[in-house]
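Trainee: Have a look at this one before I ask anything.
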């Protein structure tokens, strides 16, 4: 089963980092967030990826083209240009890199990548800007059991501010950045049937607009509830949070 990764966003709210690289290539712990997301999939047996490129797509291509060189010791003969790699570890992934347009919306990117999904009637899909400790095999099993066209992972939104519990004017408890106890939001990490592609009109169709609304109206969209860790990287503050977790050695999404 293939995994489609949407990796073409501008990341305007993370402009400090995305002026020269696309948002999924912003680094956490010395590796792009895209690499972290792919590891979440790869370690659970989903090791063939279709990466939908857009803004600064050449940065993503260069990363994968030079992956062996980055992760290995090398000997270079300057006279001949001959290069010899020594050691190094690389995952056994197959990665398809598809240009889907600099200004294409999320639904349009999915549609433009459809030729790479022809042999995968069911495929996984996620955005290139969020990580989770999600059990992907449980997600796929849930999807197959209900038999609908689409499954979205529902998550609790992470709190951005410390929570105060008050009695009159007295603080009785404080929780630093808790997940909110109310509501569910789209956490990405979809499982989709190819039939959803017919609901995407063109490049300017956001996946989160008419396609998902139509699926919901037809009863073809189911929610897999994920109660564990989930964190997007929308702002510099989010990036710093993820870096702190990684540097602590306790990154919840590091399931590999």
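In our numbering, the protein residues as written are 16 to 271. A virtual CB, placed ideally from N, CA and C, is assigned to each residue, including glycine. Bear in mind the structure is a predicted one, so any value in this text is a computation, not a measurement.
Would you mind reading off the limits of the alpha helix (DSSP H) that contains residue 232?
Mentor: Mapped onto the chain shown, residue 232 falls at position 217. Per DSSP, residue 232 belongs to the alpha helix (DSSP H) from 225-232.
Trainee: Take residue 181 and list the residues in its own chain whose beta-carbon comes closer than 6 Å to its own, dropping the five residues that flank it on each side.
Mentor: Reading the chain shown from its first residue, position 166 is the one you call residue 181. Summary for residue 181: the model assigns pLDDT 49, below 50, so the residue's position carries little reliability, and this model does not support an answer.
Trainee: Tell whether a beta-carbon distance below 8 Å holds between residue 89 and residue 104.
Mentor: On the chain shown, position 74 is the one that residue 89 refers to. On the chain shown, position 89 is the one that residue 104 refers to. Contact: no.
Trainee: Roughly how far, in whole angstroms, is the beta-carbon of residue 138 from the beta-carbon of residue 207, given that I think they are within contact range, below 8 Å?
Mentor: Position 123 of the chain shown holds residue 138. Position 192 of the chain shown holds residue 207. Going by Cβ atoms, the distance from residue 138 to residue 207 rounds to 6 Å, so yes, they are a contact pair.
Trainee: Tell me the DSSP bridge mates of residue 111?
Mentor: Counting from one through the chain shown, the residue named residue 111 turns up at place 96. Answer by DSSP bridge pairing, in chain order: 65.
Trainee: Check whether the Cβ atoms of residue 236 and residue 165 sit closer than 8 Å, and answer yes or no.
Mentor: Here residue 236 corresponds to residue number 221 of the chain shown, with the count starting at 1. Here residue 165 corresponds to residue number 150 of the chain shown, with the count starting at 1. In this structure, residue 165 lies closer than 8 Å to residue 236 by Cβ.
Trainee: Could you check which residue in 110, 127, 108 has the C-alpha nearest to that of residue 117?
Mentor: Stepping through the chain shown from its first residue, residue 117 is reached at position 102. Closest by alpha carbon: 127.
Trainee: Let me know the beta strand (DSSP E) ranges lying completely inside the stretch 244-271, each 3 residues or longer, listed in chain order.
Mentor: 245-247
Trainee: Cα-Cα, which of 95, 146, 38, 39 is closest to residue 204?
Mentor: As a working mapping, residue 204 is identified with position 189 in the chain shown. Among 95, 146, 38, 39, the Cα nearest to that of residue 204 is on 146.
Trainee: List the endpoints of the continuous alpha helix (DSSP H) containing residue 161.
Mentor: Counted from its first residue, the chain shown places residue 161 at position 146. Unbroken alpha helix (DSSP H) run through residue 161: 151-161.
Trainee: Contact defined as beta carbons within less than 8 Å: I believe residue 66 pairs with residue 112. What is the distance between those atoms, to the nearest angstrom?
Mentor: By one-based count along the chain shown, residue 66 stands at place 51. By one-based count along the chain shown, residue 112 stands at place 97. Rounded, the Cβ-Cβ distance is 5 Å, consistent with contact.
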